[in-house]
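A.B. asks: First the structure, then my questions, so here it is.
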């Protein structure tokens, strides 16, 4: 069972429950610092680890997890930092995917409050550079704001950050399927290797496992008719949408496109860390 956010006795890897009004968020710092659950008025919005569709499919299949220090796929796990070449483990052949944070137990960065919590982990192998990643959760009765930051301890390096939520397509057995409303400026053409080809095309209908450009920031809304709307905003220029599974839809803000370590590197330096936030705001119908 999640411990109360008011308690400080449990270790950092225990589930933590944040509450605001009738909204409950479960944070799992020992399980990739993901959201294990988001319940609004008793209604679960996320596919949880207990759902049959998630069981047996590994760390990528449930909740909402941070993607850091890269997001999405890295081409055959290979990338470079200037003249230095690096290889990451290929965990979704033929690519490396979704960063190291999702497989890491995070540590408490500050005392947990009733509506906020912060965690960190230090970058280590297979990531070749020293640094620290921090994630902050801030809950209100109407919204959840999450902030990721990536800092270097020594050498500058390219990095990415983002989130991979698994939202339920239906909130109730007889409810309407979720509709995603957003207006991207373009879609990245997807190659047979699931990486962007470099061509920008007009957005096309799904099913989707695709990346979209939103140069003025991510602004997308999931609508479950007659039940609830969830607005997703983020200070990112990119959004990946994955809706090929029957029970869930993933709406993933990230600071670069898939394979962005190679194609759109954002350098993290001692004086310029990477910091990005996403805010989910809900409205009940």
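In this note's numbering, the protein residues as written are 12 to 296. All residues carry an ideal CB built from backbone N, CA and C; glycine is no exception.
I need the straight-line Cα distance from residue 209 to residue 269, nearest angstrom please.
C.D. replies: On the chain shown, residue 209 is found 198 positions in, with the first residue counted as 1. On the chain shown, residue 269 is found 258 positions in, with the first residue counted as 1. One C-alpha to the other measures close to 11 angstroms.
A.B. asks: Which residue or residues does DSSP assign as beta-bridge partners of residue 301?
C.D. replies: One cannot answer for residue 301 here, as it falls past the ends of the chain, which runs 12 to 296.
A.B. asks: State the Cα-Cα distance for the pair residue 80 and residue 285, rounded to the nearest angstrom.
C.D. replies: Translated into positions along the chain shown, residue 80 becomes position 69. Translated into positions along the chain shown, residue 285 becomes position 274. Rounded to whole angstroms, residue 80 to residue 285 spans 10 angstroms at the Cα level.
A.B. asks: Between the region 275 to 295 and the region 179 to 188, can you find at least three pairs of beta-carbon atoms closer than 8 angstroms?
C.D. replies: Judged by Cβ distances under 8 angstroms, the region 179 to 188 makes no contact with the region 275 to 295, as fewer than three pairs qualify.
A.B. asks: Would you mind working out which of 216, 192 and 223 sits nearest residue 206, comparing C-alpha positions?
C.D. replies: Taking the chain shown and counting its residues from 1, the one referred to as residue 206 is at position 195. With distances taken between Cα atoms, residue 206 lies closest to 223.
A.B. asks: With a cut-off of 8 angstroms, do at least 3 Cβ pairs link the region 115 to 133 to the region 93 to 102?
C.D. replies: With the cut-off at 8 angstroms, the region 115 to 133 and the region 93 to 102 do not touch.
A.B. asks: Using a 10 Å radius around the Cβ and a threshold of 16 neighbouring Cβ atoms, would you call residue 58 buried or exposed?
C.D. replies: The residue you call residue 58 lines up with position 47 of the chain shown. Looking at its Cβ environment, which holds 16 or more other Cβ atoms inside 10 Å, residue 58 is buried.
A.B. asks: Would you mind sorting residue 198 into buried or exposed? The rule is 16 or more other CB atoms within 10 Å of its CB.
C.D. replies: One-based indexing of the chain shown puts residue 198 at position 187. Its Cβ being crowded by 16 or more others within 10 Å, residue 198 is buried.
A.B. asks: Could you pull out every residue in the same chain whose Cβ sits closer than 6 angstroms to the Cβ of residue 170, ignoring the five residues on either side in sequence?
C.D. replies: Along the chain shown, one-based indexing puts residue 170 at 159. 80, 161, 279 and 285, listed in sequence order.
A.B. asks: Cβ of residue 294 within 9 angstroms of Cβ of residue 239?
C.D. replies: In the chain shown, the residue the question calls residue 294 occupies position 283. In the chain shown, the residue the question calls residue 239 occupies position 228. In this structure, residue 239 lies closer than 9 angstroms to residue 294 by Cβ.
A.B. asks: Assuming residue 178 contacts residue 262 under a Cβ cut-off of 8 angstroms, what Cβ separation, rounded to an integer in Å, is found between them?
C.D. replies: Against the chain shown, residue 178 aligns to sequence position 167. Against the chain shown, residue 262 aligns to sequence position 251. Residue 178 to residue 262, Cβ: 7 angstroms. Contact.
A.B. asks: Could you pull the DSSP bridge partners for residue 193 from this structure?
C.D. replies: To locate residue 193, count along the chain shown from 1; it is residue 182. The partner list for residue 193 (beta bridge, DSSP) reads 231.
A.B. asks: Assign residue 254 to one of three DSSP states: helix, strand, or coil.
C.D. replies: Taking the chain shown and counting its residues from 1, one reaches residue 254 at position 243. In this structure, residue 254 counts as coil in the three-state DSSP scheme.
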